[in-house]
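What follows is a set of notes on a single structure, which appears directly below.
Protein chains: 2
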Amino acid sequence: MQKRYTYVISDRTGLTAEALSHSLLSQFPQVKFEVENLPFVDTKEKAIKTLELINRKAAEYGAKPLVFATLVNDETRAIIASANAVFFDLFDTFIGPMEKVLDVESSHSVGKSHGVLDFAQYSARMSAVNFAMTTDDGMETDHYARAEVIVIGPSRAGKTPTCLYLSLQFGVFAANYPLTDSDLTSTALPPPLANHADKLFGLTIDPFRLQQIRQERFSGDTYASAKTCQFEVAQAEAMYRSSKTPFVNTTKKSVEEIGAYILHKAALRRKI
Amino acid sequence: MQKRYTYVISDRTGLTAEALSHSLLSQFPQVKFEVENLPFVDTKEKAIKTLELINRKAAEYGAKPLVFATLVNDETRAIIASANAVFFDLFDTFIGPMEKVLDVESSHSVGKSHGVLDFAQYSARMSAVNFAMTTDDGMETDHYARAEVIVIGPSRAGKTPTCLYLSLQFGVFAANYPLTDSDLTSTALPPPLANHADKLFGLTIDPFRLQQIRQERFSGDTYASAKTCQFEVAQAEAMYRSSKTPFVNTTKKSVEEIGAYILHKAALRRKI
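Just so you know, the sequences run in chain order F and V. Residues in the first sequence are numbered from 1 upward in steps of one, following our numbering. Residues in the second sequence are numbered from 1 upward in steps of one, following our numbering.
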């Protein structure tokens, strides 16, 4: 299998460079990429050290490393671009054409993208995170009037990370409520949810996967048995159907995908 | 001020497209961008509806909208690319050159980037999220042996979202401990932290900003007074210095920036 050393370089956090380069690399499953993330390359000295690192690797390994960069500073970028590597500039590739279209110059200023820009947004995000923490796992159901979405599902189907993600990423007020044994004896919505049917979003999961997850910490328990997992998933899905609750199968989805899907399907208003 | 309608379009979650286009747009503060995110454009029908939306806006408004897309499907991309708009393909721009360099064809498969790829990673992430929840706000300090980092700071300086972000984004075990009044009467580390000095990371914040945040919910309380906020921040910083705890000022930083900074500075090993 072909192997390529890959460097993801940024002036700041590198999160944007990381996300796009990850998408791009995943299109080449035939190649083994050895990826190193190098954020905060924000001085000439750091750029030179990074350049030396890349050139050393290129000399050692033979094939040119790949470099994905979002470097706003021209001097830093010129240094990295001079490396013995294949250079993909995720930023500059588009800035030139955008300047032409918009007929204005770009500010070429670093790090605007993830900065705290306004207090209202910051505050919305913090409130959402606090709400998700307070209402995690069926706590404080009397706060449901303030929820924008209430994520429901069997234990370990992914409710908590989904709600934390919705709050952190989008500033959405997301509560979550676990469907327990006793809730699942009937397909009727549990009492705390009955008045909030329009805010519910269900999670389901492949029972075998659920069993695998539960067995990690509760191996041997009835809770982690195949029978329990199959029963709970089947009953939860029956409840979703009978209550017309939209739901999503989380088995092959990441937290990001589940969050983006719920945001989209439930037409939630993002504040960030 | 020049205004431009902008569409961010993707086959899947659109998170990558969103991150990069946001970075790019922030380089043009002279322009007001009206941004609409359109994720999950994954069928020919949805692509045609999107095309019509863009063309309607172009006709209505005059200036061509900007379109940022990560569309893997060739048919969908061709439809969107035919819009009366300026089309920036964040994906295809790089795939062609990468195919040449690597001398292999891309798989052109959609949505690999955020998919759950392996159970070990999923499990690491869930464990980290559970750890962050369990050890939030000074709870369960006896779990600190398992922490990779313990974030400390005055109340409302940003500890909880930082730890949740570190756990969700990087799978890092991050606990947080609030420095309270009584902790801050001395510059010595509070007892629960004393044996974990090498894991600590401090947060500080501009006292006026802290006051603004606290007044949102506790206006009038001593807790939210200028004097209290100034005292707590000064004492916390004195504690960081005397205990040689690295720290970061969160005033102008987003949660993403704080998280990436701590990961980098504390040299934490990411699992995701």
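The beta-carbon is built from N, C-alpha and C at its ideal position, and this holds for glycine as well.
Within chain F, the residues that residue i reaches when beta carbons sit closer than 9 Å
i      : result
F119/V : R209, Q212, I213
D136/V : M133
Span of the alpha helix (DSSP H) around residue i
i      : result
N55/V  : 44-61
F208/V : 207-218
R156/V : Counting along the chain, R156/V falls outside any alpha helix (DSSP H), and DSSP gives it neither H nor E.
T228/V : 226-242
P97/V  : 92-102
D74/F  : 74-81
Y129/F : In the sequence as displayed, the identity of residue 129/F is Val instead of Tyr. First-last of the alpha helix (DSSP H) with V129/F: 119-134.
A19/V  : 15-25
A194/V : 191-194
V255/V : 255-265
Residue i vs residue j beta-carbon contact at 8 Å
i      : j      : result
N7/V   : E36/V  : Note that residue 7/V is Tyr in the sequence shown here, rather than Asn. In this structure, E36/V lies closer than 8 Å to Y7/V by Cβ.
L200/V : L210/V : no
V129/F : L168/F : yes
S276/F : P190/F : Any question about residue 276/F goes unanswered here, given that chain F covers just 1 to 272.
L263/F : V172/F : yes
T187/F : A132/F : no
F91/V  : V72/V  : yes
L24/F  : I272/V : no
Y165/V : V248/V : no
Q27/F  : S10/V  : no
F40/V  : R12/V  : yes
T93/V  : T93/F  : yes
H143/F : A120/F : no
P65/F  : A85/F  : yes
I48/V  : V67/V  : no
A124/V : T135/V : no
A274/V : V149/V : Residue 274/V lies beyond the residue range present for chain V, which begins at 1 and ends at 272; the question has no answer from this structure.
G202/F : Y261/F : no
A19/F  : T16/V  : yes
I213/V : T251/V : no
A83/F  : L51/F  : yes
C229/V : P246/V : no
A236/V : G153/V : yes
Beta carbon proximity, residue i to chain V, threshold 8 Å
i      : result
L200/F : no
V116/F : Note that V116/F scores a pLDDT of 45, beneath 50, so its modelled location is shaky; the value from the coordinates is reported in the next line. Yes - at least one Cβ of chain V is within 8 Å of the one on V116/F.
E36/F  : no
M139/F : no
L277/F : Outside the displayed range of chain F (1 to 272) lies residue 277/F, so it cannot be described from this structure.
M126/F : yes
D221/F : no
S113/F : Only weak support exists for where S113/F lies, its pLDDT of 47 falling under 50; the coordinates are left without a value.
Where residue i meets chain V, residues with beta-carbon distance less than 8 Å
i      : result
V248/F : Here the premise fails: no neighbours, minimum Cβ distance about 12 Å.
Cβ of residue i within 8 Å of any chain F Cβ
i      : result
Y165/V : yes
A224/V : no
T162/V : no
A197/V : no
T70/V  : yes
M273/V : Since the first residue of chain V shown is 1 and the last is 272, residue 273/V is not available in this structure.
H264/V : yes
F173/V : no
E257/V : yes
A260/V : yes
V129/V : yes
Delimiting residues of the beta strand (DSSP E) encompassing residue i
i      : result
Q2/V   : 2-10
T204/F : 200-204
Y177/V : 174-178
L38/V  : 31-38
V86/F  : 86-89
A66/V  : Sequence inspection shows Leu at residue 66/V; the Ala mentioned does not correspond to that position. Start and end: 66-70.
Proximal residues of chain F, C-beta to C-beta of residue i below 7 Å
i      : result
S123/V : E216
Taking a cut of 9 Å between CB atoms, which residues from the stretch 87-109 of chain F lie near chain V? F88, L90, F91, T93, F94, I95, P97, M98, E99, V101, L102, D103, V104, E105, S106, S107, H108, S109
Which of the residues in the stretch 3-32 of chain F, read from start to end, lie with their CB under 8 Å from any CB of chain V? Considering only beta carbons, the part of the stretch 3-32 of chain F lying closer than 8 Å to chain V consists of R4, R12, T13, G14, L15, T16, A19, L20, H22, S23, L24, S26, Q27, F28, P29, Q30, V31, in chain order.
Report the residues of the stretch 37-56 of chain V with a CB closer than 7 Å to any CB of chain F, ordered along the chain. P39, F40
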